[in-house]
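Student: First, the structure itself, so that you have it in front of you.
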Amino acid sequence: MHLAAIFPGAYMRYLYSFILLMAASAHAQGPGNIKQLLKNHDYTGTILAGRAYLQSNPNSAEVYRFMSKSFYQQKEYDSAAYFMEKSFAFDSVFSPRATTWYIAGILGGLRQLAEMHIQAGDTARGISELYTVLHIKPRNVTADSARALLAILGHDPDSVFQEPQQWEVVHGKHIDYYFEDTIGPHVFLSAFISRYEAAFDTLNAFFQAALSQKIRYYVYLDKSRAHKYIGDDESGNANAELYRIRTGFLGYYPAGHEIAHILVFYAWGSKPRYTDRFVNEGLAVAFDFDGDKDKMARATQELAGSKFHSVRKIWEQEDWLEKKIFYPVAGAFIQYLYQHGAILDFKQLVKWQTLEGAMNIYGKPDLKKLMNDFDKEVGLMKENPR
Ligand SMILES: [Zn+2]
Numbered sequence: 006m007h008l009a010a011i012f013p014g015a016y017m018r019y020l021y022s023f024i025l026l027m028a029a030s031a032h033a034q035g036p037g038n039i040k041q042l043l044k045n046h047d048y049t050g051t052i053l054a055g056r057a058y059l060q061s062n063p064n065s066a067e068v069y070r071f072m073s074k075s076f077y078q079q080k081e082y083d084s085a086a087y088f089m090e091k092s093f094a095f096d097s098v099f100s101p102r103a104t105t106w107y108i109a110g111i112l113g114g115l116r117q118l119a120e121m122h123i124q125a126g127d128t129a130r131g132i133s134e135l136y137t138v139l140h141i142k143p144r145n146v147t148a149d150s151a152r153a154l155l156a157i158l159g160h161d162p163d164s165v166f167q168e169p170q171q172w173e174v175v176h177g178k179h180i181d182y183y184f185e186d187t188i189g190p191h192v193f194l195s196a197f198i199s200r201y202e203a204a205f206d207t208l209n210a211f212f213q214a215a216l217s218q219k220i221r222y223y224v225y226l227d228k229s230r231a232h233k234y235i236g237d238d239e240s241g242n243a244n245a246e247l248y249r250i251r252t253g254f255l256g257y258y259p260a261g262h263e264i265a266h267i268l269v270f271y272a273w274g275s276k277p278r279y280t281d282r283f284v285n286e287g288l289a290v291a292f293d294f295d296g297d298k299d300k301m302a303r304a305t306q307e308l309a310g311s312k313f314h315s316v317r318k319i320w321e322q323e324d325w326l327e328k329k330i331f332y333p334v335a336g337a338f339i340q341y342l343y344q345h346g347a348i349l350d351f352k353q354l355v356k357w358q359t360l361e362g363a364m365n366i367y368g369k370p371d372l373k374k375l376m377n378d379f380d381k382e383v384g385l386m387k388e389n390p391r
């Protein structure tokens, strides 16, 4: 389609500016100069110089992209989309020679293109571009942002990973297990599955979550893929809203941890009013089914020689605390509340997961006593004993 047919006004305006530019400039500027104009936020200048350059170099993907970005900055999304598509048309990104950084740049462009389509009212087109991003690279910053945008648009971004040729699927009673198709015959598989199904049954006897669909459990045994989907220093994650669990293990991972994250979310028929990392991870550790048998002993061991004086401080400082201390202490304390406080209070805490919430639920003096008793049991001393 001809450019003028899509947006005659803008086209004529820039055509006119282009004529003026040609009259004014002694020599056409190259991509380097045009890029500099863009960097200086001179979007009109970028567009003028870009158009001049493209007259004699109509295959420059780079300059089409500069123009697209300028139009984007000026909120002329139709034009921005047009030039971004032009840029892709002359790009060799889908060739195997394309380098990683180059793909990253294109992904950013695609992600941007998707947004342009959506803002210009063509949602279907935008969605299809977002899926293209995920197909090229399922896990990086751009992919995460594409995934977030898809979720806002009511799409399950991870449906792209369910292509049957990629997974060996085993259907359990509560959970569908997705193994990479390279897994081959595996002797541990049935033990693995029954461990997770048992964890679900045991935990849900308490949490009473009525799930509207089965949990999808993805196991990444390929190390690099596990890093890509789960993260460098995590061994699993759960997304309750998507009913999805991911781990990179077949063994040595507490079966209840990620399941607990999902059941907690839907427990007793309502979603949490507030979530809090200390309570949320504490619950997952406390109900990890076959993790540390003695949570108190583990917490005591990790806290020995640490700079902490009270579980309250650890709860308050949860955001920057090292995992080695945070998880065992949160787990031990949440289990302590489960065992030593009233169950009705505990159920409320699950749905109202803040320190302030806990004070209101248990009552300040009672919570203080529970915390003090816990501190003593795991060998913590109050900094300023009163
Ligand atoms: Zn967790």
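In the numbering used here, the protein residues as written are 6 to 391. A virtual CB, placed ideally from N, CA and C, is assigned to each residue, including glycine.
(1) In chain order, what residues of the same chain have a beta carbon less than 7 Å from the beta carbon of Glu382, not counting five sequence neighbours either side?
(2) Indicate whether the contact test is met: 3 or more Cβ pairs, each with one atom in the stretch 287-295 and one in the stretch 253-262, closer than 8 Å.
(3) Which runs of the beta strand (DSSP E) fall wholly inside the stretch 53-97 and span at least 3 residues, in chain order?
(4) Hey, how far is the Cα of Arg317 from the Cα of Trp357?
(5) Does Phe205 pass the burial test, meaning 16 or more other C-beta atoms within 10 Å, or should it be called exposed?
(6) With contact counted as at least three CB pairs below 8 Å, one residue from each stretch, are the stretch 131-147 and the stretch 173-184 in contact?
(7) What would DSSP say about Val383, mapped onto helix, strand or coil?
(8) Does the beta-carbon distance from Phe71 to Lys40 come in below 9 Å?
(9) Would you decide whether Gly241 is buried or exposed? Buried here means 16 or more other CB atoms lie within 10 Å of its CB.
(10) Under three-state DSSP, which class holds His176?
(11) Count the other C-beta atoms from every protein chain shown that fall within 10 angstroms of the C-beta of Pro169, then say buried if there are 16 or more, exposed otherwise.
(12) Would you say the stretch 264-282 touches the stretch 305-314, given that touching needs at least three Cβ pairs under 8 Å?
(13) Return yes when the C-beta of Asn285 is under 8 Å from any heavy atom of ligand 1, and no when it is not.
(14) What's the gap between the Cα of Leu194 and the Cα of Phe88?
(15) Count the CB pairs spanning the stretch 60-68 and the stretch 77-87 that are closer than 8 Å, and state whether there are at least three.
(16) Roughly how many whole angstroms lie between the Cα atoms of Leu43 and Leu360?
(17) Using 9 Å as the threshold, is the C-beta distance between Leu247 and Val224 below it?
(18) Hey, would you say the C-beta of Ala196 is under 8 Å away from at least one heavy atom of ligand 2?
(19) Would DSSP call Asn1 helix, strand or coil?
(20) Pull the bridge partners of Ile220 from the DSSP assignment, please.
(21) What are the boundary residues of the beta strand (DSSP E) that includes Thr252?
(22) Please identify the residue among Thr252, Val290, Gly287 and Ala215 whose C-alpha is closest to the C-alpha of Lys276.
(23) Helix, strand or coil: which one does DSSP assign to Glu361?
(24) Which one or two residues does DSSP pair with Glu321 in a beta bridge?
(25) Can you give the Cα-Cα distance for Ser217 and Tyr271, rounded to whole angstroms?
(26) By a C-beta neighbour count over all protein chains shown, 10 Å radius and 16 as the cutoff for buried, is Gly114 buried or exposed?
(27) Give me the Cα-Cα distance between Leu375 and Ile366, rounded to the nearest whole angstrom.
(28) With a threshold of 16 other CB atoms inside 10 Å of the CB of Leu286, please say whether the residue is buried or exposed.
(29) Output needed for Ala119: all residues of its chain with C-beta closer than 6 Å, excluding positions within five of it in sequence on either side, in chain order.
(30) Who pairs with Glu185 in a beta bridge, going by DSSP?
(31) Within the continuous alpha helix (DSSP H) that includes His266, where are the two ends?
(32) Closer than 8 Å to a non-hydrogen atom of ligand 1 - does that hold for the CB of Ala245?
(33) Going by DSSP in three states, Tyr279 sits in which element: helix, strand or coil?
(34) Are there 16 or more other CB atoms within 10 angstroms of the CB of Ser199, so buried, or fewer, so exposed?
(35) Give the range of the alpha helix (DSSP H) segment to which Arg303 is assigned.
Tutor: Well, looking at it:
(1) Cβ neighbours of Glu382 beyond the five flanking positions: Met301.
(2) Yes: at least three Cβ pairs fall under 8 Å.
(3) Entirely contained in the stretch 53-97, not one beta strand (DSSP E) run reaches 3 residues.
(4) For Arg317 and Trp357, the gap between their C-alpha atoms comes out near 17 Å.
(5) Phe205 is buried by the Cβ-count criterion.
(6) With the rule of 3 Cβ pairs closer than 8 Å, the stretch 131-147 does not count as touching the stretch 173-184.
(7) Collapsing the DSSP output to three states places Val383 in coil.
(8) Lys40 sits close to Phe71, with the two beta carbons spaced by under 9 Å.
(9) Buried: at least 16 other Cβ atoms inside 10 Å.
(10) If DSSP states are grouped into helix, strand and coil, His176 belongs with the strands.
(11) For Pro169, the pLDDT reaches just 41, beneath the cut-off of 50, and the residue's location in the model is therefore unreliable, although a value from the coordinates is still provided. Burial check for Pro169: the Cβ neighbour count within 10 Å stays below 16, so the residue is exposed.
(12) As far as the Cβ criterion goes, the stretch 264-282 does not touch the stretch 305-314, which means the pair count is below three.
(13) Yes, Cβ of Asn285 sits closer than 8 Å to a heavy atom of ligand 1.
(14) Approximately 51 Å between the Cα atoms of the pair.
(15) Flag = no, the stretch 60-68 and the stretch 77-87 do not touch.
(16) A direct Cα-Cα distance of roughly 49 Å separates Leu43 from Leu360.
(17) Taking the C-beta atoms as reference points, Val224 is found no nearer than 9 Å to Leu247.
(18) Ligand 2 is absent from the structure shown, which contains only ligand 1.
(19) In this structure the chain extends from 6 to 391, so residue 1 is not present and cannot be described.
(20) Ile180, per the DSSP bridge assignment.
(21) Arg249 to Thr252 is the extent of the beta strand (DSSP E) around Thr252.
(22) Answer by Cα proximity: Ala215.
(23) Assigned with DSSP and collapsed to three states, Glu361 falls in helix.
(24) Beta-bridge analysis with DSSP links Glu321 to no other residue.
(25) Counting only the Cα atoms, Tyr271 lies some 10 Å from Ser217.
(26) With 16 or more other Cβ atoms from the protein chains shown falling within 10 Å of its own Cβ, Gly114 counts as buried.
(27) Going from the Cα of Leu375 to the Cα of Ile366 covers about 13 Å.
(28) A small fix is needed here, since residue 286 is Glu in this sequence, not Leu. Result: buried.
(29) Counting only Cβ-Cβ distances below 6 Å, and skipping sequence neighbours, we find Gly131, Glu134 and Leu135.
(30) According to DSSP, Glu185 shares a beta bridge with Trp172.
(31) Per DSSP, His266 belongs to the alpha helix (DSSP H) from Gly261 to Tyr271.
(32) Shortest gap from the CB of Ala245 to any heavy atom of ligand 1: 8 Å or more.
(33) The answer is strand: DSSP assigns Tyr279 an E or B state.
(34) Counting Cβ neighbours within 10 Å, Ser199 comes out exposed, since fewer than 16 surround it.
(35) First-last of the alpha helix (DSSP H) with Arg303: Lys300 to Leu308.
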